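J.: Letter by letter, the sequence shown follows residues -17 to -1, 1 to 278 of mature numbering (1 follows the signal peptide of the UniProt record, and there is no 0).
Yeah, the Cβ is synthetic: ideal placement off N, Cα and C, and Gly gets one too.
On a predicted model such as this, the values are computed, not experimentally measured, just so you know.
Quick one: structure below, then a few questions.
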Amino acid sequence: MEHVVFLACFLIPLASASLNINETHWQIWKKQHHKKYESAAEEEFRRYTWARNLAFVLDHNSKYSSFTVEINEFADRTLKEMVSETAVVKRQKTEEVKYMYQKLQGAPASFDWRKRGAVPPVTNQGRDATAYAVIDSLYGYFKINTGHAVALSVQETSDCCTRGHPMGNPFACIKKLGGLCSEADIKGSRSVMRGNETDLQLAVLQNPVVVLVDASHSSFQLYKSGVFVEQRCSDKQLDHALLLVGYGSMSGKDYWICKNSWGTTWGMDGYILIARNVGNTCGIATAASLPIYRQ
């Protein structure tokens, strides 16, 4: 009903707007992404949203070269919907902060945990990105420290430690529970020094890191490839979790390699490159953490 009311408010403007919807392209996009809607009103609302996002894509790609955006499977979603469906719980202060800051010496110019088999395949998370990022970070840690992966419960992490539960650090919650399914015995966690990208680089050299970012922008929702920079990003209002798996440089631009949980059709096969060393882009180093293994 909300969508129908919203649509009614835009029927007249839509009729005279310059958002010329190409019906053929709309039908091709729907078929490609297996889109079906409950009613004609719902489809009209989605088509209007799709057209607005198409206009954004065309405008962005004609003006900027650092990264490109595209009409992906989320193009019929409003930004408000994307934010509300993937938002993380606001973090509270935690006592389990163990900073790792030191001078960065001898670190490789680039690094990628995917090349070392410490990152599981990309999945489509549904509504709890934090749970998937936490599980993926633990996957990497056990793979790195024991040589084999450990079966962990995404659902248990979501129910007990992320979805709807204010908390300082998801690993602290898992520790309090005594692990997940009695298989993930962790000692605790470390938090990266707030806003310090050097500390974050040191952290990801040890283990894939859970990071929170401000993803409340169409440029993130529709990201395709390249080094992501969003001038409107906040480094404090964080609403989405990613898994940081490495870093590198491209054409003189430093970047972080981050795994999303929106499936392989989003971004670069499910990944995004976020600008590195340019002022804590989108808060990537504001609330980053990684587990400590109990030996």
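1. Tell me the residue span of the beta strand (DSSP E) that contains THR181.
2. Based on the DSSP secondary-structure assignment, which residues constitute the bridge partners of SER208?
3. Just to confirm the assignment, what range does the beta strand (DSSP E) spanning SER232 have?
4. Leaving out five residues before and five after ALA271 in sequence, what residues of the same chain have Cβ atoms less than 8 Å from its Cβ?
5. Could you check what DSSP says for VAL193 in three-state terms: helix, strand or coil?
6. What runs of the alpha helix (DSSP H), each 4 residues or longer, lie entirely inside the segment 6 to 60?
7. Going by beta-carbon coordinates alone, are PHE211 and ILE257 separated by less than 7 Å?
8. Does the distance from the CB of LEU273 to the CB of ASN190 come in under 7 Å?
9. Using 7 Å as the threshold, is the C-beta distance between TYR230 and LYS242 below it?
10. Within a Cβ cutoff of 6 Å, which residues of the same chain sit near HIS43, ignoring the five residues on either side of it in sequence?
11. Residues bridged to SER244 by DSSP?
12. Can you tell me the Cβ-Cβ gap for TYR206 and PHE50, rounded? I've got them flagged as a contact below 8 Å.
13. Considering only C-alpha positions, which residue in the set ALA268, SER120 and SER199 is nearest to GLU213?
14. Where DSSP assigns a beta bridge to ASN263, which residues make up the other side?
15. Determine the closest residue to LEU37 out of SER201, THR113 and GLU21, with distance taken between C-alpha atoms.
16. Going by other Cβ atoms of all chains shown within 10 Å of its Cβ, with 16 needed for buried, is LYS126 buried or exposed?
17. Since GLN108 and TRP245 are thought to touch, with beta carbons under 8 Å apart, how far apart are those beta carbons, to the nearest angstrom?
18. Starting from ALA112 and walking both ways along the alpha helix (DSSP H), at which residues does that stretch end?
19. Give me the Cα-Cα distance between ARG259 and TYR238, rounded to the nearest whole angstrom.
20. Residues in the same chain with beta-carbon distance under 6 Å from LEU2, minus the five sequence neighbours each way, listed in chain order, please.
21. Since I believe ASP218 is in contact with THR181 (beta carbons under 8 Å), could you give me their beta-carbon distance rounded to a whole number of angstroms?
22. Quick one: grab the DSSP three-state call for THR269.
23. Could you give the residue range of the beta strand (DSSP E) that holds ALA198?
24. From HIS66 to ALA24, what does the alpha carbon distance come to, in whole angstroms?
25. Starting from ALA258, follow the beta strand (DSSP E) in both directions and report where the run begins and ends.
26. So what's SER217 in DSSP terms, helix, strand or just coil?
27. May I have the straight-line CA-CA distance separating ASN263 from VAL105, to the nearest angstrom?
28. Do you know how far the Cα of ASN128 is from the Cα of TRP249?
T.: So, to answer that:
1. Along the sequence shown, one-based indexing puts residue 181 at 198. Element bounds for THR181: not the beta strand (DSSP E) but the alpha helix (DSSP H), 180 to 187.
2. Mapped onto the sequence shown, residue 208 falls at position 225. Paired residues: THR51.
3. What you label residue 232 is simply residue 249 of the sequence shown in a count that begins at 1. Run containing SER232: 223 to 233, per the beta strand (DSSP E) assignment.
4. Stepping through the sequence shown from its first residue, residue 271 is reached at position 288. Taken in chain order, the residues that qualify are SER174, VAL175, LEU183, ALA186, VAL192, VAL193, VAL194, LEU195 and LEU227.
5. The count along the sequence shown starts at 1 and reaches residue 193 at position 210. Here VAL193 sits in strand by DSSP.
6. 6 to 15 and 23 to 46
7. Here residue 211 refers to the residue found at position 228 of the sequence shown. Here residue 257 refers to the residue found at position 274 of the sequence shown. Cβ atoms of PHE211 and ILE257: closer than 7 Å.
8. By 1-based counting over the sequence shown, the position of residue 273 is 290. By 1-based counting over the sequence shown, the position of residue 190 is 207. For LEU273 and ASN190, yes; Cβs fall inside 7 Å.
9. Locating residue 230 in the sequence shown gives position 247, where the first residue counts as 1. Locating residue 242 in the sequence shown gives position 259, where the first residue counts as 1. In this structure, TYR230 lies away from LYS242, with their beta-carbon atoms at least 7 Å apart.
10. Start at 1 with the first residue of the sequence shown, and residue 43 comes out as number 60. Hits under 6 Å: VAL52.
11. Within the sequence shown, numbered from 1, the residue matching residue 244 stands at position 261. Answer is none; SER244 lacks a bridge partner.
12. Numbered from its first residue, the sequence shown carries residue 206 at position 223. Numbered from its first residue, the sequence shown carries residue 50 at position 67. About 7 Å separates the two Cβ atoms, so the contact holds.
13. Your numbering for residue 213 matches position 230 in the sequence shown. Of the candidates ALA268, SER120 and SER199, the one whose C-alpha sits nearest the C-alpha of GLU213 is SER199.
14. If you number the sequence shown from 1, residue 263 lands on position 280. For ASN263, which the question treats as bridged, DSSP gives no partner whatsoever.
15. As a first step, residue 37 must be located in the sequence shown, where it is residue number 54. Residue SER201 is the option with its Cα nearest to LEU37.
16. Here residue 126 corresponds to residue number 143 of the sequence shown, with the count starting at 1. Buried, since its Cβ has 16 or more Cβ neighbours within 10 Å.
17. For this step, residue 108 is matched to residue 125 along the sequence shown. For this step, residue 245 is matched to residue 262 along the sequence shown. Confirmed, about 7 Å.
18. Position 129 of the sequence shown, counting from 1, holds the residue named residue 112. Taken as a continuous stretch (DSSP letters only), the alpha helix (DSSP H) holding ALA112 covers 112 to 129.
19. To locate residue 259, count along the sequence shown from 1; it is residue 276. To locate residue 238, count along the sequence shown from 1; it is residue 255. Rounded to whole angstroms, ARG259 to TYR238 spans 4 Å at the Cα level.
20. To locate residue 2, count along the sequence shown from 1; it is residue 19. Only weak support exists for where LEU2 lies, its pLDDT of 49 falling under 50; the value from the coordinates is given anyway. Answer for LEU2: ALA34 and ALA38, listed in chain order.
21. Taking the sequence shown and counting its residues from 1, the one referred to as residue 181 is at position 198. Taking the sequence shown and counting its residues from 1, the one referred to as residue 218 is at position 235. The Cβ separation is near 16 Å, so there is no contact.
22. Your numbering for residue 269 matches position 286 in the sequence shown. THR269: coil per DSSP, three-state reduction.
23. Sequence index remark: in the sequence shown, residue 198 carries index 215 (1-based). Taken as a continuous stretch (DSSP letters only), ALA198 belongs to no beta strand (DSSP E), as it is neither H nor E.
24. Residue numbering aside, residue 66 sits at position 83 when the sequence shown is read from its first letter. Residue numbering aside, residue 24 sits at position 41 when the sequence shown is read from its first letter. In the sequence as presented, His is not what sits at residue 66; that position holds Val. Their Cα atoms are separated by approximately 23 Å.
25. Numbered from 1 along the sequence shown, position 275 holds the residue referred to as residue 258. Note, ALA258: beta strand (DSSP E), 254 to 258.
26. Numbered from 1 along the sequence shown, position 234 holds the residue referred to as residue 217. SER217: coil per DSSP, three-state reduction.
27. Your numbering for residue 263 matches position 280 in the sequence shown. Your numbering for residue 105 matches position 122 in the sequence shown. One C-alpha to the other measures close to 25 Å.
28. As a position in the sequence shown, residue 249 is number 266, starting the count at 1. As a position in the sequence shown, residue 128 is number 145, starting the count at 1. Whole-angstrom Cα-Cα distance: 31 Å.
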